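To keep things clear, I will list the structure first and then write my remarks on it.
Residue numbers (the working numbering), protein chains in the order written: chain A, 269 to 773; chain B, 269 to 773.
What follows is the structure, given as structure tokens:
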């Protein structure tokens, strides 16, 4: 046996269970539910799902695919195109899978990322037939050491009937020691989660498993797909500047110190860019308590801005991946990866008092946020953890550029075509135009400040016209129902939300 | 001094601070913020707000009114009509105040009921000038013993610059001992809340106060306004039967036992009636962990169904009030009242794994819930605690009759005109027609089951027509945006959502 394998697969009983990916994939049967490791392209089970896709060329079958969050390696694309997915949850971010979802060709259950584990533990989602999880090692006592994400792997392993481990030799061995695996008891029978600070370790360094369930070990050797985030641009830099202004005003008001409060930052380019902007701020000794640790977190580390970062996955660009993996020891004492149930747990989000920064697709003038559905119908990716954070955090911040498609779309609309975050959960809205602090405001106050501070100048009059006409009709949250969705239907009909008449008139 | 007063006002320093309500009201100045006790008509400060309304007859001023939840004694009505309210939060349930809110004559901030205390503690809502709180006693060591509600009184007292106590001699002295006051530290500096079972006491029997802040004691003598809930009817009995069927199926699936899990039940007649229905079920040894303890909770006690009930207020009908107050000792060991921050705390809701039952105004075919806005614009009462519970509980159940106004309104619509609870937070929908278990379902699956199980027969075809036309266009959550709100505009135009053509065609 390969020395590398022996070094990483340290439990002797398991060394006899090495199989090929094809063999492992052959165990999966039509109708089964698979719990795959993987959270935003990090630490996903790679080889067995690929073999499964291969098998689909000669055999018709469907499975349910549960994960932590989105997968890399085009796995969601390949599985969707192969037509092998019956139900997919709790998150995805792939263009081909999205197309199938929107065609109704597969069922997607868009869940709060902290909820999936509870639903599995409570036997609501049905049995998991196979947990298929990537690991960098299995210890002498049989602890599975995950790779670059924990995600839902620990609950999958605990509850699955069978476990397949993808031992990935390409993932740095130095990831061992980074994880903190805490398992909750059943609801109603559990103690408080003892975590009271971002850097606290409350669990074990790996995932405990009933070894008799481990059906096979597949040895793999491929790094994660690099993240697809685009670098900061002028507008994201402006958004970051506005966010910094907001934080500064909180410090001036005595509500925050210069080390702020633990920060959570959502998935994607905009949230990453906004976080990146803190490099050039006066804030320091920052704590991160987030889901995904993206490039910006390591940039902030390298600029001496971060005291400690807790996440449930590390998802990096190709360049950053090389840099970080070559220097993991530099971060090791200041980094921890937890199950997504813990990174996103309402108990901890509220206790730690997070500042949460998540991305909006659109916001209405009253502060209701659509994070998921293009024009109210087509799924983009999913709500992810934003709902866990926005409802329970200290300050819920949503960021979006004020327009999209070269101005054809205003991200600020009269009426959100879909609501993922209600106005009760939206404290601050940030665009490249400015920020609106909505805390303690009634809807009519919110509308004026959102239009003034956040809307793009080309859409301000149009928004004000709507608001004024609606207000004259009355209501706590004034609307003209027959016009409420007219911006979206105009977009569909004419290719833009912009109303020429509003300029001429 | 009245013997009764001496017996209840046991701290000697305070006995010299008795003033009239008018005098206390005269201290309030234009622009001040008042924190009033009171939660769903229970334990509200009564005399000082009334004197304030009286003062408004000869003097123009406005104040901000913060409370636990809704007030009794027509206080919200009188304050709204007197025009003295600038901003009101976090909840109200009065027809006159509602009218003013919808006219834009006063600002209403509709908040999650667990959030207000955090926002005060975090200095986000500005200073509280006067806390005006009802008490049944002040102990020898100066602990303020609240009456029939705790609500936000403890945070008001802790953070206000001045405190006025309304010592209410009519409220039963036997309420003393029922309360458990736990105070949280600042976010980021706090320990886990140690509560792990419904009957656990984690705090003090009254509210600790800096005695130098107590500016006056006003002696009052009036019971709370009785609740306005209407008794169970045929439809609520059917809803209760469906809910019991659902619970039964959970027991059969091994996911619950015959004592279920701690129950939370929302404010109002429907939720009360549904809870009441458990009397005739096989379920027993029930725990209640709720906000308001309404008549049904005591009916269940009297039928030997309840082991323990935790709430933040007791709001009863006139008949039930007499009965319960005459026999408080019967319940005393099995009842506790907590601050609403604790009764509604996400940490505890998730840990205890509540079954939450809240009322919907309308639901759309995908399970998004409107709890607050009539036709998307006019505020009814507010979201109350439903958002605290629905996001973080074990099973989020929403109940509504399938139609209103003799069938002119379908409570199941294609597109919710306002969203308070997104489909991610809605597990089970119950109407008198049946229940839809939505857990683990994608939107297209949800639509079919909601229409089949919950919609009124007269609206089923109309809903199916919409869903089929929308589905043909595609989308994860199929909609026809130009028709999405047509049911509401039809209602406004014709007086009914019912479309004749759907019957003829």
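Glycine is no exception: its CB is placed at the ideal position from the N, C-alpha and C atoms.
Since the structure is predicted, the reported quantities are computational estimates derived from the model, not experimental observations.
Notebook entry, point to check: When you compare only the Cα positions, how much space is there between residue 761(A) and residue 682(B)?
Noted result: Roughly 22 Å separates the two Cα atoms.
Checklist line | Pair within 8 Å by beta-carbon distance, residue 612(A) and residue 656(A) | finding: Contact check for residue 612(A) against residue 656(A) passes: the beta carbons are separated by less than 8 Å.
Next item on the list: Just the C-alpha distance for residue 382(B) and residue 609(B), rounded to the nearest angstrom, thanks.
Entry: Roughly 4 Å between the two C-alpha positions.
Item checked: Within chain B, the residues that residue 758(A) reaches when beta carbons sit closer than 9 Å -> Here the premise fails: no neighbours, minimum Cβ distance about 10 Å.
Next item on the list: Starting from the C-beta of residue 700(B), find all residues in its chain whose C-beta is less than 7 Å away, skip the five residues before and the five after it, and write them out in chain order.
Entry: If we look at residue 700(B) and ignore the five residues flanking it on each side, its Cβ neighbours are 503, 506, 507, 669 and 670.
Next item on the list: Tell me whether residue 741(A) is buried or exposed, calling it buried when 16 or more other Cβ atoms sit within 10 Å of its Cβ.
Entry: So residue 741(A) ends up on the exposed side.
Check: Interface residues of chain B around residue 690(A) at Cβ under 9 Å?
Finding: Among the residues of chain B, those whose CB is under 9 Å from the CB of residue 690(A) are 651, 655, 686, 687, 688, 689 and 690, following chain order.
Notebook entry, point to check: Taking residue 273(B) as the reference, which of 436(B), 713(B) and 331(B) has the closest Cα?
Noted result: If we check each option's Cα against that of residue 273(B), 436(B) comes out closest.
Item checked: Neighbour list for residue 703(A) in chain C, Cβ cutoff strictly below 8 Å -> Checking the listed chains, one finds no chain C in this structure; the protein chains it contains are A and B.
Checklist line | Neighbour list for residue 459(A) in chain B, Cβ cutoff strictly below 7 Å | finding: The answer, in chain order, is 464.
Check: Between 745(B), 424(B), 296(B) and 532(B), which lies nearest to residue 632(B) when the distance is taken from Cα to Cα?
Finding: The candidate whose alpha carbon is nearest that of residue 632(B) is 745(B).
Check: From what residue to what residue does the alpha helix (DSSP H) around residue 590(B) run?
Finding: Element bounds for residue 590(B): 586-594.
Next item on the list: Given a cut-off of 8 Å, decide if residue 452(A) and residue 652(A) are closer than it, judged by their beta-carbon atoms.
Entry: With a cutoff of 8 Å on beta-carbon distance, residue 652(A) and residue 452(A) are scored as not near each other.
Next item on the list: Could you say which of 544(B), 449(B), 543(B) and 434(B) lies nearest to residue 491(B) if we only look at CA atoms?
Entry: Nearest of 544(B), 449(B), 543(B) and 434(B) to residue 491(B), Cα basis: 434(B).
Next item on the list: Determine which residues share a DSSP beta bridge with residue 646(A) and list them.
Entry: In the DSSP assignment, residue 646(A) is bridged to 642(A).
Check: Counting Cβ pairs, one atom from each stretch, are 3 or more of them under 8 Å apart for the segment 576-595 of chain B and the segment 536-550 of chain B?
Finding: Counting C-beta pairs closer than 8 Å gives fewer than three between the segment 576-595 of chain B and the segment 536-550 of chain B, which falls short of the contact rule.
Note to self: Tell me the residue span of the alpha helix (DSSP H) that contains residue 727(A).
What the structure shows: From DSSP, the alpha helix (DSSP H) with residue 727(A) extends over 725-741.
Note to self: residue 622(A) and residue 500(A) - do their beta-carbons sit closer together than 8 Å?
What the structure shows: Between residue 500(A) and residue 622(A), the gap from beta carbon to beta carbon reaches 8 Å or more.
Item checked: Terminal residues of the alpha helix (DSSP H) in which residue 542(A) lies -> From DSSP, the alpha helix (DSSP H) with residue 542(A) extends over 537-544.
Check: Taking Cβ positions, are residue 417(A) and residue 534(A) nearer each other than 8 Å?
Finding: Not closer than 8 Å, so no.
Note to self: Closest to residue 351(B) by C-alpha separation, out of 358(B), 330(B) and 334(B), would be which residue?
What the structure shows: Comparing Cα positions, the closest option is 330(B).
Checklist line | DSSP three-state assignment for residue 497(B), whether helix, strand or coil | finding: Residue 497(B) falls in the coil class under three-state DSSP.
Notebook entry, point to check: Going by Cα to Cα distance, which pick from 440(A), 639(A) and 464(A) is closest to residue 617(A)?
Noted result: Distances from the CA of residue 617(A) to each of 440(A), 639(A) and 464(A) were compared; the closest alpha carbon is that of 464(A).
Item checked: 8 Å contact criterion, which residue 411(A) and residue 473(A) should meet: CB distance rounded -> Between the beta-carbon of residue 411(A) and that of residue 473(A) there is about 7 Å, and that keeps the pair under the 8 Å contact cut.
Check: residue 643(A) CB to nearest chain B CB: under 8 Å?
Finding: Closer than 8 Å to the CB of residue 643(A) there is at least one CB belonging to chain B.
Check: Would residue 604(A) count as contacting chain B if we go by Cβ distances under 8 Å?
Finding: Answer no: the Cβ-Cβ gap between residue 604(A) and chain B never drops below 8 Å.
Check: How should residue 403(B) be labelled, buried or exposed, when 16 other C-beta atoms within 10 angstroms of its C-beta is the threshold for buried?
Finding: With 16 or more other Cβ atoms within 10 Å, it is buried.
Notebook entry, point to check: Going straight from the alpha carbon of residue 379(B) to that of residue 728(A), what length do you get?
Noted result: Cα to Cα, residue 379(B) sits roughly 28 Å from residue 728(A).
Margin query: Quick check on DSSP: helix, strand or coil for residue 366(B)?
Written below: DSSP, reduced to helix, strand and coil, places residue 366(B) within a helical segment of the structure shown.
Note to self: So, for residue 536(A): in the same chain, excluding its five sequence neighbours on each side, which residues have a beta-carbon less than 6 Å away from its beta-carbon?
What the structure shows: Taken in chain order, the residues that qualify are 627.
Item checked: Proximity winner among 487(A), 743(A) and 332(A), relative to residue 303(A) (alpha-carbon distances) -> Closest by alpha carbon: 332(A).
Item checked: Distance, residue 637(A) Cα to residue 687(B) Cα -> Spanning the two alpha carbons is a distance of roughly 10 Å.
Next item on the list: Taking 8 Å as the cut-off, decide whether the C-beta atoms of residue 634(A) and residue 720(A) are in contact.
Entry: No, the pair does not count as a contact, with Cβ atoms beyond the cut-off.
Check: What in chain A is Cβ-close to residue 745(B), meaning under 8 Å?
Finding: Near residue 745(B) (Cβ distances below 8 Å), the residues of chain A are 641, 644, 645, 647 and 686.
Next item on the list: Give me the Cβ distance between residue 523(A) and residue 555(A), rounded to the nearest whole Å; I'm assuming they're in contact under 8 Å.
Entry: Not really, about 17 Å apart at Cβ, beyond 8 Å.
Next item on the list: Under 8 Å Cβ to Cβ from residue 752(B), same chain only, skipping five residues before and after it: list those, please.
Entry: Here the set comprises 682 and 683.
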